[in-house]
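The letter at position 456 of the sequence shown is residue 455 when you use numbering that gives the first Met the number 0, and the numbering goes up by one with no holes. Glycine included, every Cβ here is placed at the ideal spot set by N, Cα and C. In what follows, a single structure is set out as C-alpha cells and then discussed.
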Amino acid sequence: MLRSSEFDYDLVVIGSGPGGQRAAIQAAKLEKRVALVEKKAVLGGACINTGTIPSKTLREAVMHLSGYRERGFYGSSYSVKQNITMQDLLFRTTQVISNEQDVSRNQLQRNGVEMISGTASFVNANTLRVLSVDGHGHQDISTEKIVVAVGTTATRGENIDFDGTQIFTSDEILSLDHLPKTMAIVGAGVIGTEYTTIFSTIGVRVTLIDKRPILLDFVDNEIADSLAYHMRENRVTLRLGEEVSGIDKTEDEHGKKVKIHLGSGKQVVTEKLLYSIGRTGNTERLNLEGAGLQSDDRGRIKVNQHYQTVVPNIYAVGDVIGFPSLASTSMEQGRLAACHAFGIPATSVPALFPYGIYTIPEISMVGRSEEELTQSNIPYEIGKARYREIARGQIIGDTSGILKLIFHQDSRQLLGVHIMGEGASELIHIGQAVLSFGGSIDYFINTVFNYPTLAECYKVAAFDGINRLGL
Numbered sequence: 000m001l002r003s004s005e006f007d008y009d010l011v012v013i014g015s016g017p018g019g020q021r022a023a024i025q026a027a028k029l030e031k032r033v034a035l036v037e038k039k040a041v042l043g044g045a046c047i048n049t050g051t052i053p054s055k056t057l058r059e060a061v062m063h064l065s066g067y068r069e070r071g072f073y074g075s076s077y078s079v080k081q082n083i084t085m086q087d088l089l090f091r092t093t094q095v096i097s098n099e100q101d102v103s104r105n106q107l108q109r110n111g112v113e114m115i116s117g118t119a120s121f122v123n124a125n126t127l128r129v130l131s132v133d134g135h136g137h138q139d140i141s142t143e144k145i146v147v148a149v150g151t152t153a154t155r156g157e158n159i160d161f162d163g164t165q166i167f168t169s170d171e172i173l174s175l176d177h178l179p180k181t182m183a184i185v186g187a188g189v190i191g192t193e194y195t196t197i198f199s200t201i202g203v204r205v206t207l208i209d210k211r212p213i214l215l216d217f218v219d220n221e222i223a224d225s226l227a228y229h230m231r232e233n234r235v236t237l238r239l240g241e242e243v244s245g246i247d248k249t250e251d252e253h254g255k256k257v258k259i260h261l262g263s264g265k266q267v268v269t270e271k272l273l274y275s276i277g278r279t280g281n282t283e284r285l286n287l288e289g290a291g292l293q294s295d296d297r298g299r300i301k302v303n304q305h306y307q308t309v310v311p312n313i314y315a316v317g318d319v320i321g322f323p324s325l326a327s328t329s330m331e332q333g334r335l336a337a338c339h340a341f342g343i344p345a346t347s348v349p350a351l352f353p354y355g356i357y358t359i360p361e362i363s364m365v366g367r368s369e370e371e372l373t374q375s376n377i378p379y380e381i382g383k384a385r386y387r388e389i390a391r392g393q394i395i396g397d398t399s400g401i402l403k404l405i406f407h408q409d410s411r412q413l414l415g416v417h418i419m420g421e422g423a424s425e426l427i428h429i430g431q432a433v434l435s436f437g438g439s440i441d442y443f444i445n446t447v448f449n450y451p452t453l454a455e456c457y458k459v460a461a462f463d464g465i466n467r468l469g470l
C-alpha cells in the first residue's frame, strides 16, 4: 500500500448524493484533501434529480393546486386550478431541483472539495480510473480512503418494453408529457404508494398492484389500514396479493393502452404504467473486483457497523448498502464513515431514525410497532389522539389525522410513535427526542405545548394511554 504522502487525495468520494456530499464535506472539515467524482452533469444524485426532492415537490404542487387541504371546508369539488397539467406540476419541481443543485455545488466549493466529472471505476483498492464525460480519455487518481456513494436506479423487470412514456419507472416520471386519466402502478412499496396517492389526488384513476397481501408491511398495521381506507376513498383500486404474469401494449380507437395480466386471470387496462418493484445499486461500472469487492444480486455492497467494506480503506454509504435507503440516514452514514476513516470518534443512534412516507395523507414513525412488541412478548399499552380532537386539526381542516403512542405497560417508557396526517414527518421529531433519552409518556403529560398546535396530540395521546391503564 502506498504511503499517505504519495496519494493524490486523502479521500475520494464516488457519487454526489446525500451520503457522498456529507462524507466529502465532513472529511474536508477535518482538513483532508478531498475529491468527489460525479458521472452526471448535475450534482445531487437521485435524491435531488429524480427521487426524493422531485417526488416531494410534486406532492406539494398537487396538494396546493388540487385544493386538498381546503376540501374539508369548501367541499370535495374545490380546487385552486381547474384542468391541472403536468406542466403545472413541473413548474415548481424544476425550480426546486435547480436551487438544490446550486446549493449542493456551493456547499462543496466553499468547503474546498474538488469536483471531478466522469465515471469512476476501481483499478485497485487505492486507485480509481475516471472516464471523462464524453467517453474519450481518462485519468487515474490515487487516494488513501474511498467512499462509495453511487446510489441506485429503479429496477427494471425482464421482458418489459420500457419506453419512458407508456411504461416507465420512477426515474422517468418527470418526463411525462401529460397527466393520464388512468394509471396502474406495479409495486406497493414506499415509492409506488406515494405516487399512487399523489396522482389519485388530482383525479387520475389509479390501480395499485402488489403480490404482497397487505400494504406497507413494515408500517404499524393500524396506520397502514387507515392509509388503505383513505386511498380507496380517493377511488384507488388496490390489487394486493396479485402477481403480474404479463404486460402488453395495445391500441384502439381511444388511443394507446397498456394491458396488465394478473396471475389470478384478471386484466387491468390503463393509459400509463409505473413499474416500481424496488431499486438496484449503481455498481455495474465500478469494477468492484479490481478492489477486491463484490455486490449482491441487487447491486448492493455489504458493510460493517462503521460502513466499512471488506477492504478496510473502502467505505460504502447510502442506498447502495440497502435498508433503510433514506436521504436522512444516508447523510448520517456519510458523516460517520468519514469520521471513522480518519480516526475521529463519532456516535449516532441508528436504531431511532424516523421514517417519513410522503403519501397523501403522510405517515411518519419512529421506534417500535405493536406487531414487533407483540412478537417480542413485551407488555405495552397505547394512547391515541385524533386531529379532529385538536383545535389545530380543525383549523387546518385535517380531521382524519391520528397520533399513536406505544409505551411500556409497567414503566410507561415510550417505545414507539406512529403518526398519519398533516405535518406527520415534522411532528415525529418530538417523539424521537423523548425516545432517544429513554423518556416516559409522563413527559408529555407534564409538558406545556403551544396552543393551538398539532403537538398537543402528544399530551392528549398520553392521557388516553394513562386512562387505558385505569389510572
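Query	Result
S116 to L413 span [Cα, whole Å]	48 Å
Beta carbon of G188 nearer than 8 Å to that of G44	no
Residue range of the beta strand (DSSP E) that includes Y194	No beta strand (DSSP E) contains Y194, which is instead part of the alpha helix (DSSP H) from V189 to T200.
Through-space distance from L29 to L107, alpha-carbon basis	14 Å
Status (buried if at least 16 other CB within 10 Å, exposed otherwise) for R391	buried
I24 - DSSP class collapsed to helix/strand/coil	helix
Same chain, Cβ closer than 6 Å to Y357, neighbours up to 5 away in sequence not counted	K55, R58 and E193
Cutoff 7 Å; reference Q138; Cβ partners in own chain excluding five residues on either side	V129
D101: first and last residue of the uninterrupted alpha helix (DSSP H) it sits in	M85 to R109
Exposure of E380, with buried meaning 16 or more beta-carbon neighbours within 10 Å	buried
Touching by the beta-carbon criterion (3+ pairs, under 8 Å), the segment 423-440 and the segment 94-114	no
Complete runs of the alpha helix (DSSP H) confined to the segment 297-368 [at least 4 residues]	326-340
Simplified DSSP assignment, three categories, for Q412	strand
Rounded C-alpha distance that separates E486 from D247	This structure does not reach residue 486, given that the chain is present from 0 up to 470, and the question cannot be answered.
N376 - containing beta strand (DSSP E), residue span	Here N376 belongs to no beta strand (DSSP E), and DSSP marks it neither H nor E.
Among K403, R385 and T346, the one whose alpha carbon lies nearest that of G366	K403
Whole runs of the beta strand (DSSP E) within the segment 136-171, excluding any shorter than 3 residues	137-147 and 151-153
Helix, strand or coil at I389 according to DSSP, with G and I counted as helix	coil
Three-pair Cβ contact test at 8 Å for the segment 314-333 versus the segment 159-176	no
Cβ neighbours of R299 in the same chain (closer than 7 Å, five flanking residues each side left out)	G280, V319, I320 and G321
Rounded C-alpha distance that separates V11 from G50	24 Å
Whether V132 touches I13 by CB criterion (8 Å)	no
Neighbourhood of I465 by C-beta distance below 6 Å, restricted to the same chain and skipping five residues each side	none
DSSP-derived helix/strand/coil call for Q266	strand
Secondary structure of S399, DSSP reduced to three states	coil
Opening and closing residue of the beta strand (DSSP E) in which E113 lies	E113 to S116
Nearest neighbour of R32, chosen from G156, E143, E252 and R284 [CA to CA]	E143
From L64, Y73 and A23, residue whose alpha carbon lies closest to that of I395	Y73
CB of I389 within 8 Å of CB of L453, strictly	yes
Element boundaries [beta strand (DSSP E), containing A34]	V33 to E37
Spatial neighbours of S65 in its chain, beta-carbon cut-off 6 Å, leaving aside the 5 residues before and after	S78, T200 and I201
Simplified DSSP assignment, three categories, for S244	strand
Spatial distance of F121 from L292 (CA atoms)	10 Å
Local Cβ density within 10 Å of E480, reported as buried at 16 or more and exposed below that	Past the edges of the chain, shown from 0 to 470, lies residue 480, and the structure says nothing about it.
Three-state secondary structure assigned by DSSP to G71	helix
For H260, the first and last residue of its enclosing beta strand (DSSP E)	G254 to L261
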